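K.L.:
Can you keep this structure in mind? I'll have questions shortly.
Numbering (mature numbering (1 follows the signal peptide of the UniProt record, and there is no 0)), first residue to last: -19 to -1, 1 to 340.
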């Protein structure tokens, strides 16, 4: 009996020892915590692990590279992403018996700006304006050398603040500024002037569509201050077969020209010459699809830069909601002071587009 008991105890000890050996040989590989989400600028990330045995880690994308691997931590570098789409990669961590896969994600590169802000103007006094911008990378601002004496910038929370020195040149001045973020660049036109700098003689160039025929033209134009306080007179005497004289107000650094301004009258004959009709001419404005004849809609004549030269062009001011105004019109109506669909003669509408005024 005693001999059997000894055999039993010996067997039990061997079993316990065997269990201990099994426990010590169990392979462990766990992910405890990870930092694997990145902005486009990239950076260094880490994955905390609990592991036994020999540990290896590899990434399946060349923009994600392993720096160091231990039983407690895997660290890695993520390169900058200059492309717009986001991207992802996997880091594969292994030991003798286990594998863990961790997904690394990175945002795409962005530069956020308002396309309506690509042209900015301020008055002649010393002033500043802020352009709202956001981007994935630090901004690089390139101001041409010949403009640095009157234009500078500083970074602010909202974006970029441009500082203008007082303009004493008695003329419009402007420049194109390149703003780069990553590999994306936006070009801003920054100008400085007051209404007085826009007065005087100009040369007008234009395209015209009249009774289905297209033509180009060029001739003198002028902008004068009206005797009525706060208004201006824009004369485009050679802008069409019918001279245009338009009243405007100066607002938002441009001359605001309202629709529906009376331009005079003309007489037309029917095809056989037996009847003459008096038609009354009014100015209008148009987009590519719609025409507007009432004073509630308007367009601005304001400076811009084309190939480094400052010219005046027609610019949309948002008065026609959901539409972009680009043209001047001359419309012919059967009655004076009665602009309506019933009195409108659409076949005689004249479209003036690509209007540019230059010195």
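Backbone N, C-alpha and C fix where the C-beta goes; we use that ideal spot for every residue, glycine too. Since the model is a prediction, treat every value here as computed from it, not as a measurement.
According to DSSP, is residue 281 helix, strand or coil?
P.N.:
DSSP places residue 281 in strand when its eight states are reduced to three.
K.L.:
Hey, how far is the Cα of residue 204 from the Cα of residue 299?
P.N.:
Taking the straight line joining both Cα atoms gives about 23 Å.
K.L.:
Please work out which residues of its chain come closer than 8 Å, Cβ to Cβ, to residue 4, disregarding the five sequence neighbours upstream and downstream, and give them in chain order.
P.N.:
For residue 4, the predicted model reports a pLDDT of 49, less than 50, meaning its position is unreliable and no value from the coordinates is stated.
K.L.:
Between which two residues does the beta strand (DSSP E) carrying residue 58 extend?
P.N.:
Unbroken beta strand (DSSP E) run through residue 58: 54 to 59.
K.L.:
In whole angstroms, give me the CA-to-CA distance for residue 130 and residue 121.
P.N.:
When rounded, the distance between both Cα atoms is 19 Å.
K.L.:
Report yes or no: do three or more beta-carbon pairs, one from the stretch 322 to 329 and one from the stretch 304 to 314, lie closer than 8 Å?
P.N.:
Yes: the two stretches touch, three or more of their Cβ pairs being nearer than 8 Å.
K.L.:
By Cβ distance below 6 Å, which residues in the same chain neighbour residue -12 in space, the five residues on each side in sequence not counted?
P.N.:
At residue -12, the pLDDT of 48 sits below 50, so the modelled position is not reliable and the matter cannot be decided from this model.
K.L.:
Does the stretch 127 to 141 come close enough to the stretch 79 to 92 that 3 or more CB-CB pairs lie under 8 Å?
P.N.:
Segments in contact, no.
K.L.:
Quick one: what's residue 162 bridged to in DSSP?
P.N.:
DSSP lists 120 and 165 as partners of residue 162.
K.L.:
Quick check on residue 282: buried or exposed, where buried means 16 or more other Cβ atoms within 10 Å of its Cβ?
P.N.:
So residue 282 counts as buried.
K.L.:
Quick one: what does DSSP say residue 301 is sitting in, helix, strand or coil?
P.N.:
Residue state, collapsed to three classes: coil.
K.L.:
Cα separation between residue 334 and residue 245?
P.N.:
Approximately 21 Å, taken between the alpha carbons.
K.L.:
Just to confirm before moving on: does the CB-CB distance between residue 338 and residue 184 stay below 8 Å?
P.N.:
The answer is yes: Cβ separation under 8 Å.
K.L.:
Just grab the DSSP bridge partners of residue 260 for me.
P.N.:
In DSSP, residue 260 forms a bridge with 247.
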